[in-house]
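Numbering (the working numbering), first residue to last: -11 to 267.
1) With three or more C-beta pairs closer than 8 angstroms as the rule, is the stretch 185 to 197 touching the stretch 212 to 229?
2) Is it the case that the Cβ atoms of residue 115 and residue 89 are separated by a distance below 8 angstroms?
3) What residues in its chain sit with their C-beta under 7 angstroms from that of residue 224, if we drop five residues either side in the sequence?
4) Short of 7 angstroms in beta carbon distance, which residues of its chain neighbour residue 63, apart from the five on each side in sequence? Order them along the chain.
5) With a cut-off of 8 angstroms on the beta carbons, I'd call residue 22 and residue 172 a contact; round off their distance for me.
6) Assuming residue 184 and residue 257 form a contact by the criterion Cβ under 8 angstroms, report the distance between their Cβ atoms to the nearest whole angstrom.
7) Got a sec, what are the start and stop residues for the alpha helix (DSSP H) residue 178 sits in?
8) When you compare only the Cα positions, how much space is there between residue 229 and residue 51?
9) Are the CB atoms of residue 73 and residue 20 within a distance shorter than 8 angstroms?
10) Of the choices 255, 203 and 235, whose alpha-carbon is the least far from that of residue 182?
11) Using DSSP bridges, identify the partner residues of residue 80.
12) Considering only the alpha carbon of each residue, which of 45, 201 and 119 lies closest to residue 241?
13) I'd like the list of long-range same chain contacts for residue 178, defined as Cβ closer than 7 angstroms, with 5 residues on each side in sequence excluded.
14) Are there 16 or more other CB atoms within 10 angstroms of the CB of residue 57, so buried, or fewer, so exposed?
15) Could you have a look at residue 198 and say whether DSSP puts it in helix, strand or coil?
16) In this structure, what does DSSP give as the bridge partners for residue 303?
17) For the alpha helix (DSSP H) that residue 253 lies in, which residues bound it at each end?
18) Enumerate in chain order the residues of its own chain whose CB-to-CB distance from residue 43 is below 6 angstroms, with the five nearest sequence positions on each side excluded.
19) Can you give me the C-alpha to C-alpha distance between residue 104 and residue 220, rounded to a whole angstrom?
20) Would you mind sorting residue 81 into buried or exposed? The rule is 16 or more other CB atoms within 10 Å of its CB.
21) Assuming residue 219 is part of the beta strand (DSSP E), what are its boundary residues?
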């Protein structure tokens, strides 16, 4: 159950097929897009997805009898919220939030700091350049298929397959849809860069840490496992992760960076920081 909210896992044969499938970027963008939830209505969609997945399905948070079926907390007030959209249906099927640092109270910026205050999270300069990625989840009906119940986010809807994919694309796509959260991770990186942050802290289960690293995302463990869900705090350097991804997972890098645009933006931000300029 640890990695089933997203399930980014993959086998070596899947990786080989994936890397050889040159149109993955096109395929991904035919299926999914992300939008920032700026209106109250869109934020409510994000909160309802969180409630359905995190509360009802996985029981990570207590369900109250009088609940309005929205999962939220006070950190949402200074966070930015992203929705993953299934383009064919127009449905919001996943969400993530990016919690920005509180410059007036850096040591109480993130939910993670309520559970872990040690190590590198004591460094105020680091905190200024860091945001937290949390509440990353996708609806159950977009995470599984018959015969693959243990692989959340495991298939393309039949209507997608019949509409625009040839036989080869359908075969590959059925194994690639666990990568749908790439769009949410990409948007999280975009938000961070827009706000001058070059690093992200995240609480991840061990299987998800492994899956992130298979994608090319470099997860530096900064503390021990800290809760019953088996989650561990990690720090992600956006520039180093995209650089690593470009070398090891070029096709994923193309999707993650909009064919290099996001990589250029983080390089520009890192250069400005090195020169002592304001973001």
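Note that CB positions come from ideal geometry on N, CA and C, so glycine has one too.
These numbers were taken from a predicted model, which means no experiment stands behind them.
From the atom records:
1) yes
2) Position 127 of the chain shown, counted from the start, is the residue given in the question as residue 115. Position 101 of the chain shown, counted from the start, is the residue given in the question as residue 89. Contact flag set, yes.
3) Taking the first residue of the chain shown as position 1, residue 224 is located at position 236. Closer than 7 angstroms at the Cβ level, and outside the excluded window around residue 224, lie 187, 188, 190, 205, 206 and 207.
4) In the chain shown, residue 63 corresponds to position 75, counting from 1. Contacts found: 87 and 99.
5) Taking the chain shown and counting its residues from 1, one reaches residue 22 at position 34. Taking the chain shown and counting its residues from 1, one reaches residue 172 at position 184. Rounded, the Cβ-Cβ distance is 6 angstroms, consistent with contact.
6) Within the chain shown, numbered from 1, the residue matching residue 184 stands at position 196. Within the chain shown, numbered from 1, the residue matching residue 257 stands at position 269. At roughly 7 angstroms, the Cβ-Cβ gap stays under 8 angstroms, so residue 184 and residue 257 are in contact.
7) Numbered from 1 along the chain shown, position 190 holds the residue referred to as residue 178. From DSSP, the alpha helix (DSSP H) with residue 178 extends over 170 to 182.
8) One-based indexing of the chain shown puts residue 229 at position 241. One-based indexing of the chain shown puts residue 51 at position 63. Roughly 37 angstroms separates the two Cα atoms.
9) Counting from one through the chain shown, the residue named residue 20 turns up at place 32. Counting from one through the chain shown, the residue named residue 73 turns up at place 85. Yes, these two residues count as a Cβ contact at 8 angstroms.
10) By 1-based counting over the chain shown, the position of residue 182 is 194. Among 255, 203 and 235, the Cα nearest to that of residue 182 belongs to 255.
11) Taking the first residue of the chain shown as position 1, residue 80 is located at position 92. Partner(s): 73.
12) As a first step, residue 241 must be located in the chain shown, where it is residue number 253. Of the candidates 45, 201 and 119, the one whose C-alpha sits nearest the C-alpha of residue 241 is 201.
13) Within the chain shown, numbered from 1, the residue matching residue 178 stands at position 190. Hits under 7 angstroms: 250.
14) Within the chain shown, the letter at position 69 stands for residue 57. With fewer than 16 Cβ atoms within 10 Å of its Cβ, residue 57 is classed as exposed.
15) Indexing the chain shown from 1 puts residue 198 at position 210. If DSSP states are grouped into helix, strand and coil, residue 198 belongs with the helices.
16) Residue 303 is absent from the structure shown; the chain starts at -11 and stops at 267.
17) Along the chain shown, one-based indexing puts residue 253 at 265. Where residue 253 is concerned, the enclosing alpha helix (DSSP H) stretches over 249 to 262.
18) Against the chain shown, residue 43 aligns to sequence position 55. Taken in chain order, the residues that qualify are 49, 51 and 59.
19) Residue mapping note: residue 104 aligns to position 116 of the chain shown, counting from 1. Residue mapping note: residue 220 aligns to position 232 of the chain shown, counting from 1. Rounded to whole angstroms, residue 104 to residue 220 spans 10 angstroms at the Cα level.
20) For the purposes of this step, residue 81 is taken as residue 93 along the chain shown, with counting starting at 1. The residue in question, residue 81, is buried, as its Cβ has 16 or more Cβ neighbours within 10 Å.
21) Working through the chain shown from its first residue, we reach residue 219 at position 231. Run containing residue 219: 219 to 225, per the beta strand (DSSP E) assignment.
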